[in-house]
Amino acid sequence: MKTSIQISASILAADFACLEKEIKRSQAAGVDRFHIDCMDGHFVPNLTIGPVIIQAMRKHTNLPLEAHLMIEHPGDYIEAYAKAGADIIQIQAECYGPRRNACRAWDQWPKEVDTVDVKSLRGDLRRIKNLGKKAFVVFNPGTPLIKEVLDDCDGVLIMSVHPGFAGQKFMPAVLPKIEELSRIFTGGIAIDGGINAQTAPAALRSGARILITASYLYGAADPGKAVRDLKKIA
Ligand code: DX5
Ligand code: ZN
């Protein structure tokens with residue numbers, strides 16, 4: 019088992035009124051990268067961050083910035099997020115295929131698909147790479163692995179909550195998907211949602227190597243200890 023893991027600080031649970039301070043505090047705690055949840059109120063029932071915030075963050079850190087695009091038509095925004103300074107761009111598979119009946123209306127969530135238009139998803143992953151950025155595909159808990167695009171991905175992000183909000187409960191039902199992925203994929207494997215010292219062991223055992231955390235990290239009295247505790251598990 020590979021032991022090196024990365025902790026990605028999801029700033030959704032940080033204090034947005036003092037983001038520079040939060041960035042410094044997270045770096046001092048030993049995080050390896052920052053995860054920025056970009057939501058449009060359509061792909062998910064919440065609205066958050068656009069490229070301007072990434073541009074502002076870029077001035078205050080040299081750590082990798084990953085933009086998790088929970089937005090419809092992510093392809094329309096790849097250049098904007100790349101230009102703002104994102105190093106890693108994570109796009110949701112559910113934006114590229116016919117939605118299941120239960121989430122076909124714009125205000126029905128979570129968005130889930132069984133298949134995608136491989137050509138179009140692959141096209142956007144390649145565009146991300148051509149901009150010199152790392153491309154990740156993201157799968158919601160109910161969406162299966164879409165293996166046809168793995169060769170075009172630097173990494174895969176498996177959601178372990180329905181996307182939209184920080185502070186939700188970890189869904190162990192996604193672990194078999196990570197186990198399957200880790201058998202066939204050699205790129206980065208990230209997990210996002212409900213990660214803490216109790217849930218991380220199972221996530222790591224299944225093969226996840228990038229642990230994304232918002233509430234656990236920003237809610238900790240001692241963020242340095244919170245990061246160390248996660249790294250110790252590995
Ligand atoms: C959920 C986001 C996650 C979220 C994680 O839609 O994609 O990145 O911020 O929050 P926690 O760690 O609190 O589950
Ligand atoms: Zn996220």
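Just so we're aligned, residue 19 is where the sequence shown starts under my numbering, counting upward by one. Backbone N, C-alpha and C fix where the C-beta goes; we use that ideal spot for every residue, glycine too.
Is it buried or exposed for SER185, if we count other Cβ within 10 angstroms and need 16 for buried?
Looking at the sequence provided, one finds Gly at residue 185 rather than Ser. Per the 10 Å Cβ criterion, exposed.
Leaving out five residues before and five after PHE154 in sequence, what residues of the same chain have Cβ atoms less than 8 Å from its Cβ?
GLU84, ILE106, ILE107, GLN108, ILE109, CYS171, ASP172, GLY173, VAL174, LEU175, GLY206 and ALA208
Between the C-alpha atoms of ASN64 and PHE183, what's the straight-line distance to the nearest angstrom?
7 Å
Within the 8 Å Cβ cut-off, does ASP125 reach chain C?
Of the protein chains in this structure there is only one, and it is not chain C.
Using CA coordinates, which residue listed in LEU168, SER28 and ARG145 is at the minimum distance from TYR95?
ARG145
Is the separation between the beta-carbon of ILE25 and that of LEU229 shorter than 8 Å?
yes
VAL156 (DSSP reduced to helix, strand or coil)
strand
Quick check: the Cα distance between MET19 and ASP50, rounded to an integer number of angstroms?
At MET19 the pLDDT is 44, less than 50, meaning the model places this residue with poor confidence; the figure from the coordinates comes in the next sentence. For MET19 and ASP50, the distance between alpha carbons rounds to 20 Å.
Helix, strand or coil at GLU14 [DSSP, three-state]
Within the shown structure, residues of the chain are numbered from 19 to 252, placing residue 14 beyond reach of any answer.
Does the Cβ-Cβ distance between PRO162 and ASP142 come in under 8 Å?
no
Closer than 5 Å is what we want: which residues have a beta carbon that near any heavy atom of the ligand ZN? List them in chain order.
ASP55, HIS86 and ASP210
Validate contact between the stretch 110-121 and the stretch 64-77 using beta carbons, cut 8 Å, 3 pairs
no
Within the same chain, show all residues whose beta-carbon is closer than 6 Å to that of ALA74, passing over the 5 residues directly before and after it, in chain order.
none
Does the beta-carbon distance from PRO128 to GLY160 come in below 8 Å?
yes
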